[in-house]
Amino acid sequence: MPAAPLPPYLARRLADGLTYVTRRDLASAGIDVSTLRAWRRAGFVTSYSYGAYGIVDPCAADMDHFAARRLHHVRRCEALLQTLPGAHLIGGSALVVHRLAVLRFPDRIEVARHPRVQSRRDDFVCRRAWGEAPEQVDGLGVQAAAEAAIEVAAHEGLRAGVVSADSYLFEGGTPGELESALVAYGRKAGVGQARAAVELADGAIESAGESLLRLICRDAGIAVIPQVEIWDDESLPFARVDFLVEGTRVVLEFDGMVKYTHPEALRAEKRREMRLRRLGYVVVRFTWSDLSPPVRLVRTIREAMAVTRAA
Numbered sequence: 466m467p468a469a470p471l472p473p474y475l476a477r478r479l480a481d482g483l484t485y486v487t488r489r490d491l492a493s494a495g496i497d498v499s500t501l502r503a504w505r506r507a508g509f510v511t512s513y514s515y516g517a518y519g520i521v522d523p524c525a526a527d528m529d530h531f532a533a534r535r536l537h538h539v540r541r542c543e544a545l546l547q548t549l550p551g552a553h554l555i556g557g558s559a560l561v562v563h564r565l566a567v568l569r570f571p572d573r574i575e576v577a578r579h580p581r582v583q584s585r586r587d588d589f590v591c592r593r594a595w596g597e598a599p600e601q602v603d604g605l606g607v608q609a610a611a612e613a614a615i616e617v618a619a620h621e622g623l624r625a626g627v628v629s630a631d632s633y634l635f636e637g638g639t640p641g642e643l644e645s646a647l648v649a650y651g652r653k654a655g656v657g658q659a660r661a662a663v664e665l666a667d668g669a670i671e672s673a674g675e676s677l678l679r680l681i682c683r684d685a686g687i688a689v690i691p692q693v694e695i696w697d698d699e700s701l702p703f704a705r706v707d708f709l710v711e712g713t714r715v716v717l718e719f720d721g722m723v724k725y726t727h728p729e730a731l732r733a734e735k736r737r738e739m740r741l742r743r744l745g746y747v748v749v750r751f752t753w754s755d756l757s758p759p760v761r762l763v764r765t766i767r768e769a770m771a772v773t774r775a776a
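Mapping of the sequence shown onto this note's numbering: residues 466 to 776, in sequence order.
Printed below as a string of structure tokens:
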């Protein structure tokens with residue numbers, strides 16, 4: 466992040482809501498290549514795609530890691546679409562703009578373009594368009610969210626597809642909409658894993674980490690129930706846990722990087738866990754680092770299940 470103030474030209478573009486600049490813009494403003502190189506060295510701009518550069522916003526320094534990555538990808542998309550007439554965002558890039566979960570942020574921006582072409586470049590991949598006409602979200606042409614989830618499942622695999630399909634349902638989408646998108650996708654490559662992702666999708670799942678934890682348990686033959694309310698001795702609900710292992714008192718919790726950022730939130734969570742333990746529950750917590758490889762995670766869950774059976 467640059468320590469010095471942005472050059473006036475770049476500051477004006479940000480003030481006007483323009484988060485990128487192209488070589489054509491610079492030429493029109495009388496700004497030469499040497500100035501552009503100096504701006505890149507100073508950290509005022511960063512390369513988004515061929516001939517397009519993102520303006521580094523000083524305000525982004527206060528964002529959390531996820532929000533900053535999302536903003537960076539959206540701005541790359543904005544810049545690229547300016548250089549690709551007739552293109553719209555699909556797959557993971559579309560989901561990022563829709564503010565839905567993705568297993569990983571796309572390295573290459575994913576687009577479809579009319580006339581129908583299929584190509585790949587270092588900064589983007591262009592696939593054939595299918596389904597409904599693109600929607601407008603935040604001024605960008607994007608694939609419908611249900612179709613984007615199918616696209617991700619077909620091209621990135623079951624786990625990525627379930628993460629995005631879970632998120633789609635959690636945010637208010639319906640299974641029928643995912644089914645319709647699957648039908649529209651037809652028999653193209655990857656339809657089998659897309660179909661499996663739709664069948665496994667669960668709108669009770671609140672995060673990508675929970676989606677992966679659920680899939681790991683499924684693969685290990687451990688049945689879990691998501692978002693279970695726990696009641697105290699006075700028959701009052703006091704906690705809702707991420708997962709309860711079916712038929713046991715084993716609670717599984719997935720802790721994201723920023724789940725408890727405030728000290729009071731952390732203290733409240735500790736009090737909640739103490740109450741769970743007093744009621745005989747075994748609480749097992751996992752983070753991103755525990756998910757891969759999953760062997761130790763599964764062993765930990767089975768050990769907790771054995772403890773509750775012996776109690």
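Note that the Cβ used here is the ideal one computed from N, Cα and C, for glycine as well. Quick caveat: nothing in here was measured; it's all calculated off a predicted structure.
Quiz prompt | Entirely enclosed alpha helix (DSSP H) segments - the region 697 to 769, minimum 4 residues | solution = 728 to 743
Self-check item: Residue burial classification, Trp753 (beta-carbon count within 10 angstroms, cutoff 16)
Solution: By one-based count along the sequence shown, residue 753 stands at place 288. Its Cβ having fewer than 16 others within 10 Å, Trp753 is exposed.
Exercise. Give me the Cβ distance between Tyr650 and Trp595, rounded to the nearest whole Å; I'm assuming they're in contact under 8 Å.
Key: What you label residue 650 is simply residue 185 of the sequence shown in a count that begins at 1. What you label residue 595 is simply residue 130 of the sequence shown in a count that begins at 1. Contact holds; Cβ gap of about 6 Å.
Practice problem: Assign Thr713 to one of two classes, buried (16 or more other C-beta atoms within 10 Å of its C-beta) or exposed (fewer than that). | Solution: Locating residue 713 in the sequence shown gives position 248, where the first residue counts as 1. With 16 or more Cβ atoms within 10 Å of its Cβ, Thr713 is classed as buried.
Quiz item: Residues bridged to Thr773 by DSSP?
Solution: Residue 773 sits at position 308 when you count from the first residue of the sequence shown. In the DSSP output, where bridge partners are listed per residue, Thr773 has none listed.
Quiz item: At which residue ranges does the region 618 to 649 contain complete alpha helix (DSSP H) runs of 4 or more residues, listed in the order of the chain?
Solution: 623 to 635
Quiz item: So does the region 600 to 615 actually touch the region 555 to 566, counting three or more Cβ pairs closer than 8 Å?
Solution: yes
Quiz item: Can you give, in chain order, each stretch of the beta strand (DSSP E) that sits fully within the region 653 to 689 and has at least 3 residues?
Solution: none
Practice problem: Output the distance between the C-alpha atoms of Ser558 and Val706, rounded to the nearest integer angstrom. | Solution: If you number the sequence shown from 1, residue 558 lands on position 93. If you number the sequence shown from 1, residue 706 lands on position 241. Going by the C-alpha atoms only, they are around 31 Å apart.
Exercise. Could you work out which residue in Val567, Val602, Asp497 is closest to Asp627 when comparing CA atoms only?
Key: The count along the sequence shown starts at 1 and reaches residue 627 at position 162. In the sequence as displayed, the identity of residue 627 is Val instead of Asp. Among Val567, Val602, Asp497, the Cα nearest to that of Val627 is on Val567.
Practice problem: Could you say if the region 744 to 753 and the region 664 to 671 meet the contact criterion of at least three C-beta pairs nearer than 8 Å? | Solution: no
Exercise. Within its chain, find whatever has a CB closer than 7 Å to the CB of Asp491; leave out the 5 residues flanking it on each side and keep chain order.
Key: Indexing the sequence shown from 1 puts residue 491 at position 26. The question names Asp, yet the displayed sequence has Leu at residue 491. Cβ neighbours of Leu491 beyond the five flanking positions: Leu501.
Quiz item: With which residues is His537 paired in a DSSP beta bridge?
Solution: By 1-based counting over the sequence shown, the position of residue 537 is 72. The partner list for His537 (beta bridge, DSSP) is empty, contrary to what the question assumes.
Quiz prompt | Distance CB(Tyr513)-CB(Leu545) smaller than 9 Å | solution = On the sequence shown, position 48 is the one that residue 513 refers to. On the sequence shown, position 80 is the one that residue 545 refers to. Yes, they are a contact pair.
Practice problem: Could you name the residues that DSSP lists as bridge partners for Val486? | Solution: In the sequence shown, the residue the question calls residue 486 occupies position 21. The partner list for Val486 (beta bridge, DSSP) reads Tyr518.
Quiz item: Do you know offhand how far Ser499's Cα is from Arg488's?
Solution: Within the sequence shown, residue 499 is the residue found at index 34, counting from 1. Within the sequence shown, residue 488 is the residue found at index 23, counting from 1. Rounded to whole angstroms, Ser499 to Arg488 spans 12 Å at the Cα level.
Quiz item: How would you write the range of the beta strand (DSSP E) that Val561 sits in, first residue to last?
Solution: Translated into the one-based positions of the sequence shown, residue 561 becomes position 96. Premise fails: Val561 lies in the alpha helix (DSSP H), 556 to 562, not in any beta strand (DSSP E).
Exercise. Classify Arg540 as buried or exposed, calling it buried when 16 or more other Cβ atoms lie within 10 Å of its own Cβ.
Key: Residue mapping note: residue 540 aligns to position 75 of the sequence shown, counting from 1. When all chains shown are included, Arg540 counts as buried.
Practice problem: Buried or exposed for Asp631, please, with buried defined as at least 16 other CB atoms from any protein chain shown within 10 angstroms of its CB. | Solution: Counting from 1 along the sequence shown, the entry for residue 631 is found at position 166. Buried, because 16 or more other Cβ atoms sit within 10 Å of the Cβ of Asp631.
Exercise. Pull up the distance between the alpha-carbon of Val760 and that of Arg767, whole angstroms please.
Key: Residue 760 sits at position 295 when you count from the first residue of the sequence shown. Residue 767 sits at position 302 when you count from the first residue of the sequence shown. In this structure, the straight-line span from the alpha carbon of Val760 to that of Arg767 is close to 11 Å.
Quiz item: I think Thr484 touches Glu543, with their Cβ atoms under 8 Å apart; what is that distance to the nearest whole Å?
Solution: Here residue 484 corresponds to residue number 19 of the sequence shown, with the count starting at 1. Here residue 543 corresponds to residue number 78 of the sequence shown, with the count starting at 1. Sure, about 6 Å apart at Cβ, within 8 Å.
Self-check item: Member of Arg679, Gly638, Glu694 whose CA lies at the smallest distance from the CA of Ile687
Solution: To locate residue 687, count along the sequence shown from 1; it is residue 222. If we check each option's Cα against that of Ile687, Arg679 comes out closest.
Quiz item: Just curious, the beta strand (DSSP E) that Ala577 is in, first and last residue?
Solution: Here residue 577 is taken as the residue at index 112 of the sequence shown, counted from 1. Start and end: 574 to 578.
Quiz item: How far does the beta strand (DSSP E) with Arg586 in it reach, from first residue to last?
Solution: Locating residue 586 in the sequence shown gives position 121, where the first residue counts as 1. Looking at the DSSP string, Arg586 is not in any beta strand (DSSP E), and its letter there is neither H nor E.
Exercise. Report the rounded CA-to-CA distance for Asp497 versus Gly674, giving the unit in angstroms.
Key: Position 32 of the sequence shown, counted from the first residue, corresponds to residue 497. Position 209 of the sequence shown, counted from the first residue, corresponds to residue 674. Asp497 and Gly674: Cα-Cα distance of roughly 46 Å.
Practice problem: Below 8 Å CB to CB, which residues in the same chain sit around Thr511 once its five sequence neighbours on both sides are set aside? | Solution: As a working note, residue 511 is residue 46 in the sequence shown. Within the same chain, Thr511 has close Cβ partners Arg505, Tyr518, Gly519, Val521.
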